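Q: Would you mind keeping the following structure in view while I ask a few things?
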Amino acid sequence: MEHFQAISPEQAYQHWQDKSAIMVDIRDPQSFQAGHACGAFHLTNETLNEFMLQANFEQPVMVMCYHGHSSQNAAQYLLNLGFEAVYSINGGFEAWLKNYPHAVDSLRNPA
Numbered sequence: 002m003e004h005f006q007a008i009s010p011e012q013a014y015q016h017w018q019d020k021s022a023i024m025v026d027i028r029d030p031q032s033f034q035a036g037h038a039c040g041a042f043h044l045t046n047e048t049l050n051e052f053m054l055q056a057n058f059e060q061p062v063m064v065m066c067y068h069g070h071s072s073q074n075a076a077q078y079l080l081n082l083g084f085e086a087v088y089s090i091n092g093g094f095e096a097w098l099k100n101y102p103h104a105v106d107s108l109r110n111p112a
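Numbering-wise (our numbering), the sequence shown opens with residue 2 and increments by one.
And the structure:
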């Protein structure tokens, strides 16, 4: 795969359900803590090395951002680093939250 592929939230959910792809979230720390897809790895400049050390470059990676725009650059970057298949999720976390609120975790303590 030379270029990332854009996938729908429904396709991403299917991959998430059957654990056939890794989900990474590139949003800012506060947004990630407030809510993220269950099991998503928070990928930042600071966590990139950790992710690379534990990653299986043959396993597909799905990239999530706010609305599906920033994830496109990040997806292409991961491909350039050697990942074989990388997907950008159309609509980002907003679409995920709207369609799959049951598949969202928060790191914040309830008030």
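Idealized CB from N, CA, C, for every residue including glycine. Remember, it's a predicted structure, so these values are computed and weren't measured experimentally.
#1: Count the other CB atoms within 10 Å of the CB of Ser89; is the residue buried (16 or more) or exposed (fewer)?
#2: State buried or exposed for Gly93, treating a residue as buried only when at least 16 other CB atoms are found within 10 Å of its CB.
#3: Looking only at its own chain, which residues have a Cβ that is under 7 angstroms from the Cβ of Ser21, when we skip the five neighbours before and after it?
#4: So, for Phe42: in the same chain, excluding its five sequence neighbours on each side, which residues have a beta-carbon less than 8 angstroms away from its beta-carbon?
#5: Tell me Tyr88's beta-bridge partners as DSSP assigns them.
#6: What separation, rounded to the nearest whole angstrom, lies between the Cα atoms of Ser107 and Glu95?
#7: Closest by CA to Val105, which one among Cys39, Val64 and Pro10?
A: In short, the structure shows the following:
#1: buried
#2: Buried, by the Cβ-count rule.
#3: Pro61
#4: So the list reads Ile23, Met24, Val25, Asp26, Thr48 and Phe52, once near-sequence residues are dropped.
#5: Gln6 and Met63
#6: 14 angstroms
#7: When only C-alpha atoms are compared, the closest one is Cys39.
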